[in-house]
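In what follows, a single structure is set out as structure tokens and then discussed.
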Amino acid sequence: MLNFIFHNPTKILFGAGQIAEIGKEIPKNAKVLITYGGGSVKNNGTLDEVKTALAEHTCFEFAGIEPNPSYETLMKAVAIVKAQQIDFLLAVGGGSVIDGTKFIAAAAKFTGESWDILAKHAPISEAIPLASVLTLPATGSEMNSNAVITRQSTHEKLYFGHPLVQPVFSVLDPTKTYSLPPRQVANGIVDTFVHVMEQYLTYPADAPLQDRFAEGILLTLIEEAAKVLQQPQDYAVRANLMWCGTMALNGLIGVGVPQDWATHMIGHEITALHGLDHGQTLAIILPSVLTVQQAEKREKLLQYAERVWHIQEGTEEHRIQKAIDKTRNFFEQVGVKTRLRDYGITQESIPKLIQQLKNHGFVALGEHQNIDLHLSQRILELSL
Ligand code: NZQ
Ligand code: ZN
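What follows is the structure in structure tokens.
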């Protein structure tokens, strides 16, 4: 096992009715900016519940943070934060709203060009404290310190991370996910699954506990995914999916082990250029990464085949291929298409995607840093 430091200070308030508790978690004299997206939290009553819980606080609202939150929109919120001297941010929504709010928190205290926080990983020394009320289990943003922001004018999608933007608390109320459209439920399942794979499916690192945590999340996801599309109002299913999403990317399963993240980096470029949902890009790219990297990932692929998909028969090559096929089929079964052509993307886009990877310095991806631009091209071609 590799050395590590693990510190996750986010307090989780899990379960139905927990929004009522948030008034106690935010300082009484704080000026709060509630941030949200395109209106789903208004329609499903979450925003009203939040406002009731904060009846004794001074609150402002900022609406309109879009999926794949844009720098352009977020800078408008930064102006409000400065003008109103906001001292607490509460994100109500999915990963985009939470990520966007993390950027607002950092940019409002940043001197200089705010885009540098993303483009140059400019150091942050201060941020406004933030918390979240999660409505879409997928990203883990509710319990981590990362954010991914898109600059629409340049078609760039870049990330930053800092302990100062880790949510102070997050409310996970599974009933708030009942209103999710099937497409977003499916995206969330794929995103959670791939977060686990990025941290688990590399090479053995004498970390059996992390492996079994990871396999536990994958197996739970496979079981619950089969139920959620049939029983969308089943509290137990929603609760399990929500906790899987958080546990997949709150740092726990990734401690002391090598990590990959090539699928995510290539996927972000597809979203930046073509606007696909994050989960869709992962469903397209992961099977190809596993195929191209099967020699490097051989031992873990065999372990994954046996423990997650119960594949025991046949040659090693056969078992690996079967595990990759099962992975693709799983994504398709939950409703996420796994080919670039399913989204109208053709060979013509590949040079542009490779150029974007090059521009952003993503020229040595994966746990061995062996995925150069040539191999990324191969991965994209296999994904057509
Ligand atoms: O905007 P509204 O109206 O709220 O609608 C949203 C949005 O259209 C809707 N939605 C959310 N909760 C709902 C709901 N609709 C009905 N009922 C509800 N309860 O769902 C749509 C998608 O929301 P979004 O927040 O974009 O989805 P997700 O949570 O999948 O977040 C994706 C973003 O997170 C980033 C992705 O790159 C992408 O930008 N990621 C963040 C990570 C992190 N911070 O650690 C890691 C991930 O790998 C990922 O990159
Ligand atoms: Zn993701």
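When you line the sequence shown up against the numbering used here, it's residues 1 to 384, in that order. Just so you know, even glycine gets a beta-carbon here, dropped at the ideal spot from N, CA and C. These numbers were taken from a predicted model, which means no experiment stands behind them.
According to the neighbour-count rule (16 or more other Cβ atoms, all chains shown, within 10 Å of its Cβ), is residue i buried or exposed?
| i | result |
| --- | --- |
| glutamine 333 | exposed |
| phenylalanine 62 | buried |
| proline 67 | buried |
| glycine 245 | buried |
| histidine 57 | buried |
| proline 181 | exposed |
| aspartate 48 | exposed |
| glycine 314 | exposed |
| threonine 52 | exposed |
| isoleucine 371 | buried |
| lysine 297 | buried |
| isoleucine 324 | buried |
| leucine 2 | exposed |
| glutamate 367 | buried |
| alanine 207 | buried |
| alanine 186 | buried |
| phenylalanine 4 | exposed |
Are the CB atoms of residue j and residue i within a distance shorter than 9 angstroms?
| i | j | result |
| --- | --- | --- |
| glycine 93 | leucine 136 | yes |
| leucine 218 | valine 196 | yes |
| glutamate 299 | phenylalanine 362 | no |
| serine 170 | alanine 205 | no |
| threonine 202 | valine 255 | no |
| isoleucine 65 | leucine 54 | no |
| isoleucine 189 | valine 308 | no |
| phenylalanine 160 | isoleucine 117 | yes |
| lysine 76 | asparagine 146 | no |
| glutamine 273 | histidine 155 | Note on identity: in this sequence residue 273 is leucine, with glutamine being the wrong assignment. Closer than 9 angstroms, so yes. |
| leucine 86 | phenylalanine 60 | With the sequence shown as reference, residue 86 is identified as isoleucine, and leucine is not the correct amino acid for it. Their beta carbons are under 9 angstroms apart, which means isoleucine 86 touches phenylalanine 60 by this criterion. |
| asparagine 240 | glutamate 215 | no |
| phenylalanine 88 | leucine 33 | yes |
| threonine 46 | leucine 90 | no |
| serine 114 | tyrosine 71 | yes |
| lysine 352 | leucine 373 | no |
| lysine 326 | isoleucine 311 | yes |
| glutamate 381 | glutamine 347 | yes |
| glycine 112 | serine 141 | no |
| isoleucine 266 | isoleucine 379 | yes |
| isoleucine 80 | valine 50 | no |
| arginine 183 | glycine 38 | no |
Over what stretch of residues does the alpha helix (DSSP H) that includes residue i continue unbroken?
| i | result |
| --- | --- |
| phenylalanine 60 | Run containing phenylalanine 60: none in the alpha helix (DSSP H); it sits in the beta strand (DSSP E), 58-62. |
| glycine 279 | 278-292 |
| lysine 300 | 298-307 |
| phenylalanine 193 | 182-200 |
| valine 363 | Run containing valine 363: none; DSSP gives neither H nor E here. |
| glycine 267 | 262-274 |
| glutamate 156 | Note, glutamate 156: premise wrong, no alpha helix (DSSP H); beta strand (DSSP E) at 156-161. |
| valine 50 | 46-53 |
| phenylalanine 330 | 316-334 |
| threonine 246 | 235-248 |
Can you give me the Cβ contacts of residue i inside the same chain, cut-off strictly under 7 angstroms, excluding the 5 residues immediately before and after it?
| i | result |
| --- | --- |
| glutamine 377 | Ile350, Ile354 |
| aspartate 191 | Ala138, Thr139, His278, Gly279, Leu282 |
| leucine 340 | Ile284, Ser383, Leu384 |
| threonine 271 | Asn68, Lys157, His278, Thr281 |
| leucine 375 | Val292 |
| threonine 338 | Ala283, Ile284, Pro287, Arg328, Phe331, Glu332 |
For the beta strand (DSSP E) that residue i lies in, which residues bound it at each end?
| i | result |
| --- | --- |
| asparagine 146 | 146-151 |
| leucine 89 | 88-93 |
| isoleucine 12 | 11-14 |
| phenylalanine 169 | 169-172 |
| tyrosine 36 | 31-36 |
| leucine 134 | 130-134 |
So, for residue i: in the same chain, excluding its five sequence neighbours on each side, which residues have a beta-carbon less than 6 angstroms away from its beta-carbon?
| i | result |
| --- | --- |
| asparagine 144 | Leu249, Asn250 |
| glutamine 233 | Tyr178 |
| glutamate 126 | Lys109 |
Might you give, ordered along the chain, the residues of its own chain that have their beta carbon closer than 8 angstroms to the beta carbon of residue i, omitting 5 neighbours on each side?
| i | result |
| --- | --- |
| lysine 82 | Ala108 |
| glutamine 231 | Val237 |
Three-pair Cβ contact test at 8 angstroms for the segment 14-32 versus the segment 170-180:
Counting Cβ pairs under 8 angstroms, three or more are found: they touch.
Can we say the segment 243-259 touches the segment 286-306, given the rule of at least three CB pairs closer than 8 angstroms?
Touching, no.
Quick one: any contact between the segment 150-165 and the segment 105-124, if contact means 3 or more CB pairs under 8 angstroms?
They touch, by the three-pair rule.
Can you find at least 3 beta carbon pairs, one from the segment 292-312 and one from the segment 148-158, that sit closer than 8 angstroms?
No, they do not touch.
The segment 259-274 contacting the segment 195-210, beta-carbon criterion three pairs below 8 angstroms
Contact between the segment 259-274 and the segment 195-210 is present, with at least three C-beta pairs closer than 8 angstroms.
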